[in-house]
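Data block below; observations after.
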Amino acid sequence: MKTKEILKWPLIVGIVIVLNLFYLYAIKVAYPKPEYDNFCPKEQVVKKIGTEAECLEIGGQWREDNMRVKPVSVYEGEMVTIESEGYCNQNFICSQQFDDARENYEENVFVALIILGVLTIIAGFLTMKAEVISVALSLGGVLSFVIASIRYWQYASDWTHLGILGIALLTLVWLGIKKFKE
C-alpha cells in the first residue's frame with residue numbers, strides 16, 4: 090500500500106512533463122515557426138556596399154560610425170591611419186520582418202497553449218474519480234500556462250504582463266476553491 094502511494098508522484102510528474110512536451114511538439118508540427126533564411130536568404134556572393142545610397146536601395150541600414158584601422162605602409166610598421174568608412178547592414182529590413190513574424194508566431198503559440206491549458210484543467214475536473222490523473226491534468230494545465238507566459242513574456246507589454254498574472258492568479262484561486270471545497 091505504501092509503495093502505491095510513493096509511485097503516484099512520479100507518475101503525476103511524468104504525465105505533467107510529457108503532456109506539455111506533447112503540446113509543444115504538436116504545435117511545432119501543426120504550426121511551424123518562421124525561419125530566418127526564409128526572410129533573409131543567404132547569398133552565395135555577398136557584395137560590399139560602399140555607399141549609403143546603395144545600402145538603402147537594397148533595404149539595408151547604413152552606419153557611419155564603423156571605424157577601420159589601416160597601416161599606412163607595410164614598411165613603416167607601427168604607423169597607422171584611422172579611416173572612417175560606413176557599414177551597411179544588408180539584412181536590416183528582412184530582419185525586422187522576421188522579428189515581426191516571430192512575435193506573431195509566439196503570440197499564436199501563447200493563445201494555443203492557454204487554450205490547451207484550460208482544456209486540460211477542465212479534463213482534470215472531469216476525472217476527479219481517478220485522483221492521480223485528475224491531479225496530473227490539473228498541474229499539466231497550470232504548467233501549460235507557465236510555459237505560454239514564459240515564451241510570450243518578452244513580446245508582451247506591461248499591461249499584458251499584468252493581465253497574464255491576474256488571470257493566472259484568479260485561475261489558481263478558483264481551482265483551489267473548486268478542487269478543495271468541502
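Numbered according to my numbering, the sequence shown spans residues 90 to 271.
Ideal Cβ placement from N, Cα and C applies to all residues, glycine included.
Residue environment, residue i, which counts as buried when at least 16 other CB atoms sit within 10 Å
i, result
"isoleucine 147", "exposed"
"leucine 251", "exposed"
"isoleucine 95", "exposed"
"threonine 209", "buried"
"isoleucine 138", "buried"
"valine 224", "buried"
"alanine 115", "exposed"
Whole-angstrom distance between residue j and residue i, CA atom to CA atom
i, j, result
"glutamine 185", "arginine 191", "10 Å"
"asparagine 193", "leucine 215", "33 Å"
"proline 121", "isoleucine 106", "22 Å"
"asparagine 109", "asparagine 178", "39 Å"
"glutamate 143", "valine 135", "13 Å"
"arginine 240", "tyrosine 112", "14 Å"
"glycine 213", "valine 262", "16 Å"
"glycine 265", "lysine 131", "53 Å"
"lysine 267", "serine 246", "31 Å"
Residue i (DSSP reduced to helix, strand or coil)
i, result
"glutamine 185", "helix"
"glutamate 153", "strand"
"asparagine 180", "coil"
"valine 148", "Note that residue 148 is glycine in the sequence shown here, rather than valine. In the structure shown, glycine 148 sits in coil (DSSP, three-state: anything other than H, G, I, E or B)."
"glycine 175", "strand"
"valine 200", "helix"
"isoleucine 138", "coil"
"lysine 267", "helix"
"alanine 245", "coil"
"glutamate 143", "helix"
"glutamate 132", "coil"
Bounding residues of the alpha helix (DSSP H) (the contiguous stretch that carries residue i)
i, result
"serine 238", "220-241"
"lysine 330", "Past the edges of the chain, shown from 90 to 271, lies residue 330, and the structure says nothing about it."
"tyrosine 34", "Residue 34 lies beyond the range of the chain shown here (90 to 271); nothing can be said about it."
Residue i versus the options, residue with shortest Cα-Cα distance
i, options, result
"leucine 100", "Ala219, Glu143 and Asn193", "Ala219"
"cysteine 183", "Asp126, Ile266, Leu110 and Val198", "Asp126"
"valine 235", "Val224, Phe199, Tyr244 and Leu226", "Phe199"
"isoleucine 203", "Leu254, Pro123 and Phe187", "Leu254"
"tyrosine 244", "Gly175, Glu196 and Ile256", "Glu196"
"valine 102", "Lys270, Leu264 and Gly229", "Gly229"
"threonine 260", "Arg240, Trp242, Leu232 and Gln150", "Leu232"
"leucine 226", "Arg240, Gly206, Ala237 and Tyr241", "Gly206"
"proline 123", "Phe187, Thr209, Gly265 and Lys270", "Phe187"
"lysine 97", "Val221, Trp248, Ser238 and Lys270", "Val221"
Residue i at chain B interface by Cβ criterion, 7 Å
i, result
"glutamine 243", "This model lacks chain B altogether; it includes just one protein chain."
Cβ-heavy atom distance, residue i to the ligand ATP, below 6 Å
i, result
"leucine 202", "In the structure on display, the ligand ATP does not appear, and there are no ligands present to speak of."
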